[in-house]
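What follows is one structure encoded as structure tokens, with my remarks underneath.
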Amino acid sequence: MDVGAKEQSGTDGEAIAASLEDPARFKLVFDRHATAVYRYIYRRIGSDAVEELTSDTFVTAFDFRERFKGQDALPWLYGIAANVLRRYRRTEIRRQRAYARAGSLLAIDSEDDRIEDRLDAAAAAPELARALEQLEPGDRDVLLLLAWEELSYQEIAESLDIPIGTVASRLSTARRVIRESLGDGWSSESEAHDG
Amino acid sequence: MMDEIELVRSMSEEPPVPDEESRRGMAKRLTATMDSAMPQKRRRSRSALTVVLVAASLGVAGTALAHGLGVLWTDKEPIAVQFGQGDATTGGSVRISNPQARVQTAEEFAQTVAEFAPAIRLPEGHDFSAWTAHLTSDFDPQAWRREQIPMGMTFVARCQWGQAWIDSHEAADEPGMLEASTVLGQIGRSMDDAYTRDLAEQMRVGEGETVRSFVDVNCGYAGVQLGSPQQLDALVQTDLNSAAQAVLKYADSHGELAGFSAETGQGLAPQLTWGSYENSNPASPGITNLEIVDPDRALITQESESGTTFCVDIGEGGATVVRGVISEQDAQLLHEPGPGSNPQIECHAGW
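First to last, the protein sequences are chains R and F. For what it's worth, this note's numbering labels the leading residue of the first sequence as 11, then goes sequentially. For what it's worth, this note's numbering labels the leading residue of the second sequence as 6, then goes sequentially.
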């Protein structure tokens, strides 16, 4: 009987269900997703408190694990991380401003075939950072889960526990705020993400 | 030209992957939390040292009160501790000195609990002693920073207010239910924690099953009563599965079970409290009892606080495993064991 191997297999949903009786089984969820959650939080606030907040995310997830009903826990963990991150709003703003400053350097160093795009992006970076600051927290969460973590609408809806229509409307709002912030000189190439 | 999404994507550089040390650090607190959710029966195995530590910590709290610090929470602010690093603003007015400092000893842990206890509102007559006792009985000096202790105490508060609501609900005590849901909602707002707010909302609308489930699953060491017989039985079955794993591992490496003892089990599954019929250890909830019936067969039993005694019968050197229950008559034999006798207990398949 290879009990150990059995414990390492199966879905997140199975591990979480098992953890209701054997809490240690939740460790598998951490082993699988700690890196992704850490990187998501790192993108948003940098290195200052990333370990603390990653840890907070998993502790909160553990405490509320009986509510998890799906199979893949990662979108759910992103949603918890987004909630935990609200306590660190000012750190996040500093991080976005740092991105804006670094953006111009990244563009100049870039050798890819979209150098013009990157230069445009670099020029827009300060306004973009300000636009992200202005977004409502819920709108920003949707935007960043789509742009950085590349979650689908369905996954974002599961992650933030909101209807899929709300995902679309929040994203639409976020894009509008960005467009307005960038001004007339910027025109969106595609509306593909609005659908 | 990029669209808005691509533009946002382009502003982020590739984040690093956490190294092993970082992962271990992040896992420590989760492990401590998982351990805190373990069944209440293990409170029985806490050491005498712990009791002394808790008494000392309560003494410190008493001293603080005597010096006029008194209760620091208010009717509108049940968590008077200010959490966060740098810019975080959750919680109340009391700042945590040296929030990132490691708590190195069980004594220091208990003192820190006592330091913050006046700042966290619990239901009347309740305290943090069960939680403190559990975490100091097998203290991990790498697991806690100072800031994390009052944070953990807020989880205890959440559990105890959950239990208070359940008690009031069962007694049809509406003012009690209202107080519990109100305080929990305030805790959720104070901590900016949507999940706690949601739990408070479940209380407010009378979702008893959800609240019960939350307390049963998360609050084993938070000074609350765990719930249903099914829940208690499930905890015992979990222990027996762990014990069976230890026996099977031994059988796999030794080819027989003759040399397996309660001491061997303690080494392989230290989270359990092992006893044995041969050593005259009477059965009781929280004790995983072992009997090596013959060189190829081990019988493991454990009594649930529900009253049922569960068993795992491992035969043919580990080739067969039967999970079941034993009769009340056989269970009585386990309460009065004697060295050298063979109780001939039968494990009836059943779970």
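Just so you know, even glycine gets a beta-carbon here, dropped at the ideal spot from N, CA and C. All values derive from a computational prediction rather than experimental measurement.
Going by the CB atoms, is the gap between ARG163(F) and THR117(F) shorter than 8 Å? No; because the gap between Cβ atoms is not below 8 Å, this pair is not in contact.
Does the distance from the CB of VAL86(F) to the CB of PHE133(F) come in under 8 Å? No, Cβ-Cβ distance for VAL86(F) and PHE133(F) is not below 8 Å.
Beta-carbon proximity check, GLU190(R) vs GLY80(R), cutoff 8 Å: GLY80(R) is positioned such that its CB atom lies no closer than 8 Å to that of GLU190(R).
Once you ignore the five residues that flank GLY73(F) on each side, which residues in its own chain have a CB closer than 7 Å to its CB? Note on GLY73(F): pLDDT 42, under 50, position unreliable in the model; no value is reported.
For TYR52(R) and chain F, any beta-carbon pair shorter than 8 Å? So, interface residue.
Using 8 Å as the cut-off, can you tell me whether the region 96 to 110 of chain F makes contact with the region 139 to 156 of chain F, which would need three or more C-beta pairs spanning the two stretches below that distance? Contact between the region 96 to 110 of chain F and the region 139 to 156 of chain F is present, because at least three Cβ pairs lie under 8 Å.
Indicate the three-state DSSP secondary structure (helix, strand or coil) for ARG151(F) in the structure shown. Residue state, collapsed to three classes: coil.
What does LYS79(R) reach in chain F if we use C-beta pairs closer than 7 Å? Those do not exist, as LYS79(R) stays about 13 Å from chain F at its closest Cβ, beyond 7 Å.
DSSP state of SER29(R) mapped onto helix, strand, coil: Residue state, collapsed to three classes: helix.
Quick one: what's got a C-beta closer than 6 Å to ALA263(F)'s C-beta in the same chain, skipping five residues either side? For ALA263(F), where only same-chain residues beyond five positions count, the Cβ hits under 6 Å are PRO300.
State whether the region 246 to 256 of chain F contacts the region 210 to 221 of chain F, with contact taken as three or more CB pairs (one from each stretch) at a distance under 8 Å. The answer is no - the region 210 to 221 of chain F does not touch the region 246 to 256 of chain F, with fewer than three Cβ pairs under 8 Å.
Simplified DSSP assignment, three categories, for GLU112(F): GLU112(F): helix per DSSP, three-state reduction.
Neighbouring residues, chain R, relative to TYR200(F) (Cβ below 9 Å): Against chain R, the beta carbon of TYR200(F) has neighbours under 9 Å at THR70, ASP73, PHE74, ARG77, ILE90 and ASN93, listed in chain order.
With distances taken between CB atoms, is the gap from GLU9(F) to ARG185(R) smaller than 8 Å? Yes, Cβ-Cβ distance for GLU9(F) and ARG185(R) is below 8 Å.
Proximal chain R residues relative to PHE114(F), where beta-carbon distance stays under 8 Å: By Cβ distance, chain R contributes nothing, its closest Cβ being about 17 Å from PHE114(F), past 8 Å.
Cβ-Cβ distance between THR293(F) and ASP238(F) below 8 Å: Not in contact: THR293(F) and ASP238(F) (Cβ atoms no closer than 8 Å).
Using a Cβ-Cβ cutoff of 9 Å, what residues of the region 9 to 35 of chain F are near chain R? List them in chain order. Against chain R - using a Cβ distance shorter than 9 Å - the residues of the region 9 to 35 of chain F are GLU9, ILE10, GLU11, LEU12, VAL13, ARG14, SER15, MET16, SER17, GLU18, GLU19, PRO20, PRO21, VAL22, PRO23, SER27, ARG28, GLY30, MET31, ALA32, LYS33, ARG34 and LEU35.
Within chain F, the residues that ASP32(R) reaches when beta carbons sit closer than 7 Å: Simply THR243.
What residue range does the beta strand (DSSP E) around VAL94(R) cover? Unbroken run through VAL94(R) is the alpha helix (DSSP H), 84 to 95; no beta strand (DSSP E).
Evaluate ILE174(R) with the Cβ neighbour count: other Cβ atoms within 10 Å of its Cβ, from every protein chain shown; 16 or more gives buried, anything less gives exposed. Around the CB of ILE174(R), fewer than 16 other CB atoms lie within 10 Å, so the residue is classed as exposed.
Exposed or buried, what is HIS340(F) when buried is set at 16 or more other beta-carbons lying within 10 Å of its beta-carbon? A residue is called buried once 16 or more other Cβ atoms fall within 10 Å of its Cβ, and HIS340(F), having fewer, is exposed.
Can you tell me the Cα-Cα spacing of PRO33(R) and ASP40(F), whole angstroms? Using only the alpha carbons, I get a separation of about 7 Å.
Out of curiosity, what's the CA-to-CA distance linking ILE297(F) and ALA303(F)? Roughly 4 Å separates the two Cα atoms.
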